[in-house]
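J.:
Numbering (the numbering used here), first residue to last: 1 to 353.
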């Protein structure tokens, strides 16, 4: 069976227009849809919002049975309401009389839709997924709850890259702030602090994933990760470790690595996590780990425990002998919606990691 592999990317572009009036009308349409369940733009014609946008809002809010009230509404424009001039790299939205000049990649197959809020236009495009390249080995990524978030080991060069040292401090800092605010009953501030922390985490994960993929690209290697989906369910650990394990967004970091790697055709594979931090990366025998120190009694190899683990991950046979791309196709999931912010996440160089 042949699968058509493609990716969905979303680019963020500042539109420099005041759409406050249209957003107010969109909010009214959303409230109407939630209240009546209507899907016909004729029913909201009196509100005054363009039908091409009203239809999208009605479709979204009329079918959501769990939603109780309307919060933030965006102006959603479908593909048929968008005109693209690839030669001049311009997007025209007649219903809003809006022209957008874009600077992102021009090899997209189509624009799926555009969502517009107060400041930005979020442009969703479909691109062909690059074919998987042939690589000269793999780098291993050891993800941690203490110390560095990600430790990258390259057996080909023997080099180790440690990323995300400040992550542990970030969570400890904001955990203490939230605890103090909760004691004072300032729950609104608790929510704002949590949102601020999430933004910092996302930004750091973007920088870490960018550096990981750039390292693989520079050395023409693939990427291997531990399959830790079940770690939260099975691992037994002290309370502080469990908090750190559940608070840092490992899934978010993993997804960022995946889609950045796919954009460059870099293969990503998963390995079994058992004993990656306890086996010796030199001779394979079971060694002694004490905190972040590792020593092998068999061959005498001494190393940083996370570095040793990253080399083991790089050398280990992929789980199920399938790359993640092959596994997605095998399951029937061939499209990977992702977000790639123009001028930031696609091009920024990691700093302060």
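Virtual Cβ for every residue (Gly too), placed ideally from N, Cα, C.
A quick note: this is a predicted structure, and the numbers were derived from the prediction, not measured.
1) Assuming residue 115 and residue 74 are in contact, meaning their beta carbons sit under 8 Å apart, how far apart are those beta carbons, in whole angstroms?
2) If you draw a straight line from the C-alpha of residue 332 to the C-alpha of residue 7, how long is it?
3) Pick from 123, 265, 168 and 187: whose alpha carbon is nearest that of residue 216?
4) Do residue 277 and residue 314 have their beta-carbon atoms positioned less than 8 Å apart in this structure?
5) Assign residue 179 to one of two classes, buried (16 or more other C-beta atoms within 10 Å of its C-beta) or exposed (fewer than that).
6) Taking the beta strand (DSSP E) that residue 270 falls in, what are its first and last residues?
7) Pull up the distance between the alpha-carbon of residue 349 and that of residue 212, whole angstroms please.
8) Check each candidate in 195, 96, 257 and 159 and name the one with the smallest Cα separation from residue 225.
9) Could you tell me whether the region 103-119 touches the region 15-25, where touching means 3 or more Cβ pairs closer than 8 Å?
10) When you compare only the Cα positions, how much space is there between residue 86 and residue 16?
11) Which of the three DSSP states is assigned to residue 212 in this structure?
12) In angstroms, rounded to a whole number, what distance separates the CA positions of residue 14 and residue 107?
13) With a CB to CB cut of under 8 Å and the five nearest residues on each side skipped, what residues in its chain are close to residue 70?
14) Note down, in chain order, each residue of its chain lying with its Cβ closer than 7 Å to the Cβ of residue 162, except the 5 sequence neighbours on either side.
15) Name the DSSP beta bridge partners of residue 304, please?
16) Starting from the C-beta of residue 205, find all residues in its chain whose C-beta is less than 6 Å away, skip the five residues before and the five after it, and write them out in chain order.
17) If I measure Cβ to Cβ from residue 50 and keep anything under 7 Å in the same chain, skipping five residues before and after, which residues do I get?
18) For my contact list, residue 303 and residue 221 are in at a C-beta cut-off of 8 Å; report their separation, rounded to the angstrom.
19) Please report the distance separating the alpha-carbon of residue 53 from that of residue 164.
20) Below 8 Å between beta carbons: does that hold for residue 261 and residue 318?
21) In angstroms with no decimal places, state the Cα-to-Cα distance between residue 274 and residue 312.
22) Can you have a look at residue 9 and say buried or exposed, based on whether 16 or more other CB atoms are within 10 angstroms of its CB?
23) Could you check where the beta strand (DSSP E) with residue 47 kicks off and where it finishes?
24) Tell me where the beta strand (DSSP E) around residue 226 begins and ends.
25) Hey, out of 83, 103 and 110, whose CA is closest to residue 97's CA?
26) How far does the beta strand (DSSP E) with residue 83 in it extend, from its first residue to its last?
27) Grouping DSSP H, G and I as helix and E and B as strand, with all else coil, what is residue 117?
28) Closer than 6 Å by C-beta to residue 177: which residues in its own chain qualify, once you throw out the five before and the five after it? Chain order, please.
29) Measuring straight from C-alpha to C-alpha, what distance separates residue 287 and residue 155?
30) Check for me: the alpha helix (DSSP H) holding residue 180 runs from which residue to which?
31) Could you check how far apart the C-beta atoms of residue 219 and residue 126 are, in whole angstroms? I think they sit under 8 Å.
32) Give me the Cα-Cα distance between residue 343 and residue 72, rounded to the nearest whole angstrom.
33) Taking Cβ to Cβ, would you say residue 110 is nearer than 8 Å to residue 101?
34) Shortest alpha-carbon distance to residue 280 belongs to which of 58, 290 and 298?
35) Of all the options 143, 201, 189 and 144, which has the alpha carbon lying nearest to the alpha carbon of residue 170?
36) Between residue 38 and residue 65, what straight-line distance do the alpha-carbon atoms span, to the nearest angstrom?
T.: For this structure:
1) 4 Å
2) Any reading at residue 332 must be qualified, since the residue scores a pLDDT of 34, below 50, and its modelled position is unreliable; the value itself is stated next. Taking the straight line from one Cα to the other gives about 14 Å.
3) 265
4) no
5) exposed
6) 268-271
7) Here the model assigns residue 349 a pLDDT of 31, short of 50, so the residue's position is not dependable, and the following value carries that caveat. Rounded to the nearest angstrom, the two C-alpha atoms are 11 Å apart.
8) 257
9) yes
10) 21 Å
11) helix
12) 21 Å
13) 27, 30, 31, 34 and 61
14) 148 and 151
15) 293
16) 252, 253 and 256
17) 95
18) Actually they do not touch by this definition, with Cβ atoms about 20 Å apart.
19) 42 Å
20) no
21) 11 Å
22) buried
23) Segment: none, residue 47 is in no beta strand (DSSP E) and carries neither H nor E.
24) 222-226
25) 83
26) 83-85
27) coil
28) 193
29) 19 Å
30) 167-183
31) 30 Å between Cβ atoms; not a contact.
32) Here the model assigns residue 343 a pLDDT of 31, short of 50, so the residue's position is not dependable and the matter cannot be decided.
33) no
34) 298
35) 201
36) 13 Å
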